[in-house]
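Written below as structure tokens is the structure these notes are about.
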Amino acid sequence: MSYLHLAIISPLLFSVFIPIFYKKFIRIHTGWFVLPLPILLFIYFLSTIPKITNRQTVTETFNWIPSLGVNFTAKVDGLGLLFALLITGIGALVVFYSIYYLAKEKERLNTFYVYLLLFMGAMLGVVLSDNLIVMYAFWELTSFSSFLLIGYWHEREKSRYGAQKSMLITVFGGLAMLGGIILLYIMTGTFSITEIVAQSGDIFHHSLFLPALICVLLGAFTKSAQFPFYIWLPDAMEAPTPVSAYLHSATMVKAGIYLVARLTPVFGASSVWFWLVAGVGIITLIWGSVFAIRQTDLKGILAFSTVSQLGLIMSLLGVGSAALHYEALSENIFTVAITAAIFHLINHATFKGSLFMAAGIVDHETGTRDIRKLGGLMPFMPITFTISIIGAFSMAGLPPFNGFLSKEMFFTAMVRVTQMDIFNLETLGILFPVIAWVASVFTFIYSMILVFKTFTGKYQPEKLDKKPHEAPLGMLIPPVILISLVVIFGFFPNLLSESLISPAMAAILPSLLNAGGEFVVHISFWHGFTIELFMTLGVILLGITLYKTLPKWKRMYDLVPEKLSLFRFYDRLLEWSQSGSYKVTNKYMTGSIHSYLVYILAFFIFSLTVTLFWKDAFKLDTGNVSSIGIYEWVLAIFVVVGSISILFIKSRMTSIILLGAVGYTVSLFYVLFRAPDLALTQLVIETISVALFLVCFYHLPKLQRYETRMRFKLTNALISVGVGAVVTAIALSAHGNKLFEAISKYYVENTYEKAAGQNMVNVILVDFRGFDTLFEITVLAIASLGIYGMIKLRLNRRKES
Amino acid sequence: MKKTNNIILESAITLLLFFIVLFSVYIFTAGHYYPGGGFIGGLMTAGAIVLLLITYDIKTVQQILPVNYRIITAIGLLFAIGTSAGALFFDVPFLTHVFTHVDLPVLGDISLHTATLFDLGVYFVVVGVTMTIILTIGEDE
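Protein chains in written order, with our numbering: chain A, 4 to 804; chain B, 2 to 142.
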């Protein structure tokens, strides 16, 4: 266990102490105890930058299940480090913000911070694990902690709905991804990402390559809210705003982006990968930006804008994967897409994080997030206004902020798609820049709505619950830090290019560096009068025109039929699957033990008979059998007569005792066969079970049925005869087939040698097959608690009523 | 169960009970070398208590043996798990048993097994489970 492992799981370990802090120091906001951890982690990861910049990676292995190839291998490379810094850096700011956002008197802070730390640890695990199974485990943990955080105000119906929705969709994707991981394992024989990447050339023509690719992408698309799975993200906005800023814009939703980037070396050369990642990305981009304009909730706009921006990064990664087809690095003009993706990833975290925090401030200080009620807030909250306007301008791609730079690079990448001569891009490639440009116009419009509908226009105090005023200083510091980063990265983008972007690119496109050399990233403002510049100018001009005429064309959205929306489709699907499974379950779960026994025994007969004939296993071997003595005859007759007479007995008590007698006779067989242990066990078991039957039957009402003779029932007769026949056939075949030497020899030889015992049965129970015994007694214990619970609960309920 | 007045059973049980319990303990300890073990021993002890239940009613038995059998089950499981997991502290796989021979002055050569501790867990679980089930169903009115 190295420091790196400790760093990854430290949030999980630390979360154990949160309830103690919460209980012991009730006067101090629990957030103050949490805050140092992400800061320390951030500094720790910062300290690895020099190493990463020198193209080294930090790898530490902790053996977990070596026999299955599942080891906790933590690896810090350019991509992992970038994400780790985002997670801890934004994490620290969000914790700080939440201290002022969540009042310690009203909220259950202990659970909040436990969930938040759970998420932080899980997310670090996702981005720093080199083993796919370990990554998957952390991946699901992020889904769970996201579920808990969205449902944090669980008394609200909408929170529960949103939490469930995100859980269902992301876990569905997660399971698909697990399938993809297993397929990768089948192809390569390893779970290690590093080793899979090394083998990527060999698996390209494997028949499982495509299924694995699609499964993995399902995981990435659901997590990163890509079309058509994005529908969970707008509902996830029910979470407290710090959570939305952290999970649902800066970190968790980027896990899908991370996965796509991480596996680009494996799958990137495929045309399906290119079309799926770039295509879905660009559809998500335009879909999200178009529908963001329709929203009236500030966080709703931000949610759709996040969907759209994630689509943008996704499409860049897809386009960037085409770079793998162009060998020479110096002339490779398509790597710019990857550069843009990483740069925009950072930029998005900064401006979207600050916008979310600003939206939280507006909500906190006015009591509403509805833009129809808001307006004219600029004089009341000037600092929040400044934060919002810089964030929104950066999002819209206006100079001099960082969003402008990455948007320009995005245009460059999209324009260059038209120059590609692979995957039919000569003809279809033109769609990319066109869609990108239209989506940018819409992005511009909703960015303007976000700021100007909230802060300018008519002030409507009558619609607000509180009198608005500027937020406390603590709530302003985190967004101000983020927004200053927006400005700093805008003016000095090359602060990032060598330290973070270039190493991250090396992790995404390692094959291009095989011949040596490295990615030279240089970002500058002015490229001359290029097509990108004119595209941006066009976006601004058309955007302003459309924003001004918004009321005239906004009615267009009413034409979109509500019934056909994906949201409605999800609700229908959920309802339908619930009612459908109810119907199916009610068909066979009748509540009668008789029918359950029929299912079980019929299946027993069916499966065993089929196996017996399929494997041609039935064999009657009369050789090597001992003669049947007088005692065996007597006992056998006793068992047969006893069993048959039970059917004709009228009194319950008599039939129980008769059943016991049959059992005792069977145990006498064991005595004859010289198996004292079995005989003893059977005797005691019979005694106890007869007592148990008596106790149970004592409670049953006197049934009329037992007064008359039982009627003949065909099903029962078939089942009982069938079970008897199958068991007999198997017993005979077991004697007839001697395929290998009996295992008893091993026990005869080793019981005294290895376990120093003389009673083989007991030694098997406690030593050789000790695991079986351990689980059996556990099952027994659970069963007894189950019976206790069922009966006692019923008793209590009856007492209450 | 109903209170019955059963003179023969009531007088016999005072003597029988101890023999049955004693025999069940013997069966348990003999387990490693002769027929027996925790499972049979436990069932036999439970059988003795059931006999007591048949003779007297549940309330009387609860007074004679004021034991919560669910806790007995838990103790048994702890024994079994503890013995199994104890092996991990000596850097050997889970459930590795050890044994040794001790020469005691009166009893002579005695072999000691960790397997017996494990079996003791089985014994407790079996007693606890059987009695929990029978008492729960029996108490239900």
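From the three backbone atoms N, C-alpha and C, an ideal C-beta is built for every residue, glycine too. These figures come from a predicted structure and were not determined experimentally.
Residues near Phe24/A by beta carbon distance below 7 angstroms, same chain, minus five either side: Cβ neighbours of Phe24/A beyond the five flanking positions: Thr33, Phe36.
Proximal residues of chain B, C-beta to C-beta of Asn762/A below 9 angstroms: Scanning chain B for C-beta atoms nearer than 9 angstroms to the C-beta of Asn762/A yields Ala31, Gly32, His33, Tyr34, Tyr35, Pro36, Gly37, Gly38, reported in chain order.
Burial state of Pro382/A, where buried means 16 or more other Cβ atoms lie within 10 Å: Its Cβ having fewer than 16 others within 10 Å, Pro382/A is exposed.
Reference Asn740/A, options Tyr701/A, Ile746/A, Lys622/A, closest by Cα: Distance from the Cα of Asn740/A is smallest, within the candidate group Tyr701/A, Ile746/A, Lys622/A, for Lys622/A.
Beta carbon proximity, Thr143/B to chain A, threshold 9 angstroms: Shown here, chain B extends from 2 to 142; a query on residue 143/B therefore has no answer.
Neighbour flag for Ala361/A against chain B, beta carbons, 9 angstroms: Ala361/A does not count as touching chain B.
Contact with chain B by Asp468/A, beta-carbon distance below 9 angstroms: Contact of Asp468/A with chain B is not assigned, every C-beta pair being separated by 9 angstroms or more.
Limits of the unbroken alpha helix (DSSP H) element including Gly147/B: Here chain B covers residues 2 to 142 and nothing more, so residue 147/B does not appear.
Closest Cα partner of His302/A within the set Leu236/A, Pro69/A, Leu266/A: One detail in the question is off: residue 302/A reads as Lys in this sequence, not His. Checked all of Leu236/A, Pro69/A, Leu266/A; the closest Cα to Lys302/A is Leu236/A.
Interface residues of the segment 752-782 of chain A facing chain C [CB-CB below 8 angstroms]: Absence of chain C from the displayed structure is noted, the protein chains being A and B.
Interfacial residues, the segment 52-68 of chain B to chain A, with Cβ spacing under 9 angstroms: Answer set for the segment 52-68 of chain B: Leu52, Leu54, Ile55.
Exposure of Tyr139/A, with buried meaning 16 or more beta-carbon neighbours within 10 Å: Counting Cβ neighbours within 10 Å, Tyr139/A comes out buried, since at least 16 surround it.
Cβ distance (whole Å) where Tyr70/B is taken to contact Gly129/B below 8 angstroms: With a Cβ gap of about 5 angstroms, Tyr70/B and Gly129/B count as contacting.
Beta-carbon proximity check, Met195/A vs Leu135/A, cutoff 9 angstroms: Contrary to the premise, residue 195/A reads as Ser rather than Met in this sequence. Taking 9 angstroms as the cut-off, the Cβ atoms of Ser195/A and Leu135/A count as close.
Chain B contact for Thr684/A (CB, 9 angstroms cutoff): Interface residue, yes.
Cutoff 6 angstroms; reference Met398/A; Cβ partners in own chain excluding five residues on either side: Cβ within range, chain order: Phe354, Gly406, Ser450.
Any 3 or more C-beta pairs closer than 8 angstroms across the segment 288-296 of chain A and the segment 438-454 of chain A: Under the 8 angstroms Cβ criterion, the segment 288-296 of chain A counts as touching the segment 438-454 of chain A, having at least three qualifying pairs.
Thr62/A - partner residues in DSSP beta bridges: Its beta-bridge partners are Lys78/A.
Beta-carbon proximity list for Ser18/A, same chain, < 7 angstroms, skipping 5 on both sides: Within the same chain, Val117, Leu120, Leu121 come within 7 angstroms of Ser18/A by CB-CB distance, once the 5 residues on both sides are set aside.
Outcome for Pro145/B when other beta-carbon atoms lying within 10 angstroms are tallied against a minimum of 16: The structure shown has nothing for residue 145/B, since chain B only spans 2 to 142.
Proximal residues to Ile73/B (C-beta, below 7 angstroms), its chain only, five neighbours per side dropped: Only Phe125, Val128, Gly129 meet the Cβ criterion.
Best match in His114/B, Asp92/B, Phe24/B for proximity to His102/B [C-alpha to C-alpha]: Measuring from the Cα of His102/B, the nearest candidate turns out to be His114/B.
Chain-ordered neighbours of Cys699/A on chain B, where CB pairs are closer than 8 angstroms: Neighbours of Cys699/A on chain B, chain order: Ile138.
One or two residues paired with Asp110/B in a DSSP bridge: DSSP, once it has assigned bridges, lists Asp104/B as partnering Asp110/B.
heavy atom of the ligand NAD below 8 angstroms from Ala664/A C-beta: Of ligands this structure carries none, so the ligand NAD is not represented either.
Span of the alpha helix (DSSP H), counted from its first residue to its last, around Trp617/A: Trp617/A -> alpha helix (DSSP H) spans 596-617.
For Asp300/A: DSSP bridge partner residues: Checking the DSSP bridge columns, you'll see Asp300/A partnered with Asp373/A.
Within chain A, partners of Val126/B - CB distance below 7 angstroms: The contacting residues are Ile780, Leu783, Ala784.
Boundaries of the alpha helix (DSSP H) in which Asp574/A is found, first to last residue: In the DSSP assignment, Asp574/A falls within the alpha helix (DSSP H) that extends over 569-591.
Cβ pair Gly154/A, Phe232/A closer than 9 angstroms: Not a contact, by the Cβ cut-off of 9 angstroms.
With 16 other Cβ atoms within 10 Å as the buried cut-off, status of Val78/A: What sits at residue 78/A in the sequence shown is Lys, not Val. The residue in question, Lys78/A, is buried, as its Cβ has 16 or more Cβ neighbours within 10 Å.
Proximity of Val339/A and Arg265/A at Cβ, strictly below 9 angstroms: Taking 9 angstroms as the Cβ cut-off, Val339/A and Arg265/A do not qualify as a contacting pair.
Anticipated Cβ contact below 8 angstroms, Ile59/B with Leu136/B, distance rounded: Between Ile59/B and Leu136/B a beta carbon distance of about 7 angstroms is seen, short of the 8 angstroms cut, so the two are scored as contacting.
Contact under 9 angstroms by Cβ, Phe270/A with Ser210/A: Cβ distance not < 9 angstroms, so Phe270/A and Ser210/A don't count as in contact.
Residue-chain proximity (Thr690/A, chain B), Cβ-Cβ < 9 angstroms: Yes, its Cβ sits closer than 9 angstroms to a Cβ of chain B.
Same chain only: Cβ atoms within 6 angstroms of Gly477/A, ignoring 5 sequence neighbours per side: Tyr103.
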